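K.L.:
Residue numbers (the UniProt record's numbering): 1 to 583.
Glycine included, C-beta positions come from ideal geometry on N, C-alpha and C.
Just so it is clear, the structure is predicted and the values come from calculations on it, not from any experiment.
I am attaching a structure below and will ask some questions about it afterwards.
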């Protein structure tokens, strides 16, 4: 599996990219950051860590229901050049000290030194020692770097990556100290655009500190890609991002011309899936993805009560009512990942085990797909009128056409004690709604999860049926690409109408993209703003981008540089790696 492979370290840049064209394209940036590093620090960098951004091709708002998603790494990336500090050029520095600079002029240079504290492994051990019951209590390293999550700065993400290296490799039981480091950051991942610039920064930072401290050298314990994903997920929590792992996995496990099918249940797993491209030798070019920013900023924290957090709660409530409707046994509820609060993915598995007793987890993708197909019609039972009818409740006073349910109706339908219900579902999060849209959210998640699996099926089938081209062959992958585009369009429709996480600007932008030649276009990321991703034939990319620039109102007053940041083409790119510079 990809996660078991070691983090790649290259001494030749040509080994890091699949084609000479891409190597030459990116070599200029590697050379620039290396030259700038010499100019600023008076020495050559020993390593350049590289981590790409990502775009989610399909599968929105289903990861926290524990269904699989389909992201890909993109060509845009973060580069961090680094080297142990050379005391011959400036004064010597403390162990672990970092002198960080950024090529972007808006980001000021920063210096910081981690502090090593020591703490007892547990309160219980402290108490035992106080009682004289323990003669020797093991002490473990506890490193601290100041990160204010209320006011995140560019160096906060550098510090976040450093945390994992310090606490995994420089504990009290380990030998040695972290080296003082000089580093220089540059990047082409647009910040705040929904393509995971923060995850790319944290992954690149983690890699840089691993490399400069010799943790990726031959003869040391192998750092696998899977371990790096785990470290990066934990590291990003330092800046207040409780990620499910999709962003980091896409950045680290990405492979050129491939996407990732990432599943979350019963544990995080990633499968490389080759995207359909024209058979080598065909006259037709491949399709590429174009990312376009709506320029609408959506902060998950702002409006969370009626948007992001509310959707999470509605999704969990849908799982509870669906499980109750299906008559799943009480033992199911108590054995969920979060006891008594099942996710829709867990409901699907339990439903299949009841229907087919031989079913075991983890489900195959084929079994999961069949289970979801069976539930498409069952979800109709979650419509407000259907629930009220089943409960024998009067619909008087309910607005015409309202498919949602009040919290009182949901509590009654759940069969739970009201106090227990509120403790399980409402005590840990602040949400606000008169009618909870249980049916709409469940329908989106079930159908979106099916679309992800169908997207995967199309890609796998295209590879299996690929044949060498002949002179009379047309674009043999066009049918597959159109099928992917159709699934992307259906996803956008569901995000807009069922999950209601789109916005007028995103709806307009996806329509403009389709009119401009996209085979499919949808929002990507949490929604309520941010970016769209469109599947576009490579031969039409320039005309497509120009048409969108002219048609989307938000782009009309942007200068050329800002326009190029707002809309850009990208192919599925290679994952994170380290480039080791040699003499």
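Using the Cβ count rule (16 or more neighbours within 10 Å means buried), how would you classify residue 416?
P.N.:
By the neighbour-count rule (16 or more Cβ atoms within 10 Å), residue 416 is buried.
K.L.:
Could you work out which residue in 375, 435 and 392 is closest to residue 400 when comparing CA atoms only?
P.N.:
Closest option to residue 400, Cα to Cα, is 435.
K.L.:
What residue range does the beta strand (DSSP E) around residue 143 cover?
P.N.:
It spans 139-144 - the beta strand (DSSP E) in which residue 143 sits, taken as one unbroken run.
K.L.:
Taking residue 439 and residue 375 to be in contact with their CB atoms under 8 angstroms, please state how far apart those CB atoms are, rounded to whole angstroms.
P.N.:
Not a contact, Cβ separation roughly 13 angstroms.
K.L.:
For the UniProt domain "GHMP kinase N-terminal" (174-254), which segments carrying the beta strand (DSSP E) assignment without a break, of at least 3 residues, lie completely within its bounds, in sequence order?
P.N.:
Here the runs fully enclosed are 181-187.
K.L.:
What is the DSSP secondary structure of residue 545, counted as helix, strand or coil?
P.N.:
Three-state result, residue 545: helix.
K.L.:
CA-CA distance, residue 577 and residue 513?
P.N.:
Computed Cα separation, rounded: 33 angstroms.
K.L.:
Are the CB atoms of residue 71 and residue 272 nearer to each other than 8 angstroms?
P.N.:
Cβ atoms of residue 71 and residue 272: not closer than 8 angstroms.
K.L.:
List, from N- to C-terminal side, the beta strand (DSSP E) runs of 3 residues or more that fit wholly inside the stretch 508-533.
P.N.:
List check, beta strand (DSSP E) in window: 520-524.
K.L.:
Examine the Cβ distances between the stretch 71-82 and the stretch 177-185 and report whether three or more of them are shorter than 8 angstroms.
P.N.:
Yes: at least three Cβ pairs fall under 8 angstroms.
K.L.:
Out of 75, 38 and 45, point me to the one whose CA is closest to residue 25's CA.
P.N.:
Looking at the Cα atoms, 75 is the closest of the given residues.
K.L.:
I need the straight-line Cα distance from residue 405 to residue 411, nearest angstrom please.
P.N.:
If I take the Cα positions, the gap works out to 10 angstroms.
K.L.:
Does DSSP put residue 74 in a helix, in a strand, or in coil?
P.N.:
Looking at residue 74 - three-state DSSP - the assignment turns out to be strand.
K.L.:
Need the endpoints of the beta strand (DSSP E) that residue 292 sits in, please.
P.N.:
Element bounds for residue 292: 287-293.
K.L.:
Look at the alpha carbon of residue 490 and the alpha carbon of residue 101, and state the distance between them as a whole number of angstroms.
P.N.:
Those two C-alpha atoms are separated by around 44 angstroms.
K.L.:
In angstroms with no decimal places, state the Cα-to-Cα distance between residue 258 and residue 275.
P.N.:
Residue 258 and residue 275: Cα-Cα distance of roughly 5 angstroms.
K.L.:
Check the DSSP bridge columns for residue 37 and list the partner residues they point to.
P.N.:
DSSP, once it has assigned bridges, lists no residue as partnering residue 37.
K.L.:
Are the CB atoms of residue 255 and residue 232 nearer to each other than 8 angstroms?
P.N.:
The answer is no: Cβ separation not under 8 angstroms.
K.L.:
By Cβ distance, which residues of its chain are closer than 7 angstroms to residue 295, with the 5 residues on each side in sequence left out?
P.N.:
The residues are 554 and 566.
K.L.:
Determine, using beta-carbon pairs with one atom in the stretch 557-565 and one in the stretch 509-526, whether at least three such pairs fall under 8 angstroms.
P.N.:
No, the stretch 557-565 does not touch the stretch 509-526.
K.L.:
I need the DSSP call for residue 119, collapsed to helix, strand or coil.
P.N.:
For residue 119, the pLDDT reaches just 44, beneath the cut-off of 50, and the residue's location in the model is therefore unreliable, leaving the point undetermined.
K.L.:
Exposed or buried, what is residue 31 when buried is set at 16 or more other beta-carbons lying within 10 Å of its beta-carbon?
P.N.:
Under this definition residue 31 is an exposed residue.
K.L.:
Closest to residue 339 by C-alpha separation, out of 370, 425 and 113, would be which residue?
P.N.:
The shortest C-alpha separation from residue 339 is found at 425.
K.L.:
Under 8 angstroms by Cβ, that's how I've got residue 290 and residue 541 pegged, so tell me the actual separation to the nearest angstrom.
P.N.:
So it is a contact: roughly 7 angstroms between Cβ atoms.
K.L.:
From what residue to what residue does the alpha helix (DSSP H) around residue 483 run?
P.N.:
Residues 478-497.
K.L.:
Going by CA-CA distance only, name the one from 269, 547, 528 and 265 that's closest to residue 253.
P.N.:
If we check each option's Cα against that of residue 253, 269 comes out closest.
K.L.:
Just curious, the alpha helix (DSSP H) that residue 164 is in, first and last residue?
P.N.:
154-169 is the extent of the alpha helix (DSSP H) around residue 164.
K.L.:
Starting from the Cα of residue 293, find the closest Cα among 534, 143 and 10 and give me that residue.
P.N.:
Among 534, 143 and 10, the Cα nearest to that of residue 293 is on 534.
K.L.:
Near residue 136, which residues of its chain fall below 8 angstroms by C-beta distance, leaving aside the five closest residues on each side in sequence?
P.N.:
For residue 136, the predicted structure reports a pLDDT of 39, less than 50, and the residue's modelled location is therefore unreliable. A value from the coordinates is still provided. None.
K.L.:
Beta-carbon within less than 7 angstroms of residue 69's beta-carbon, same chain only, minus the 5 sequence neighbours each way: which residues are those?
P.N.:
Closer than 7 angstroms at the Cβ level, and outside the excluded window around residue 69, lie 56, 59, 62, 63, 246, 262 and 452.
K.L.:
Apart from the five residues on each side of it in sequence, which residues of its chain come closer than 6 angstroms, Cβ to Cβ, to residue 156?
P.N.:
Once the five neighbours on either side are set aside, the close Cβ partners of residue 156 are 147 and 239.
K.L.:
So what does residue 410 bridge to, in DSSP terms?
P.N.:
Beta-bridge pairing links residue 410 to no other residue.
K.L.:
As a quick exercise: from 366, 377, 322 and 365, pick the residue whose alpha carbon is nearest that of residue 350.
P.N.:
Taking only the C-alpha atoms, the option nearest residue 350 is 322.
K.L.:
With a 10 Å radius around its C-beta and 16 neighbouring C-beta atoms as the bar for buried, classify residue 484 as buried or exposed.
P.N.:
Buried: at least 16 other Cβ atoms inside 10 Å.
K.L.:
By alpha-carbon positions, which one of 2, 10 and 5 ends up nearest to residue 582?
P.N.:
Residue 582 has its Cα closest to that of 10, out of 2, 10 and 5.
K.L.:
Going by DSSP in three states, residue 437 sits in which element: helix, strand or coil?
P.N.:
Residue state, collapsed to three classes: coil.
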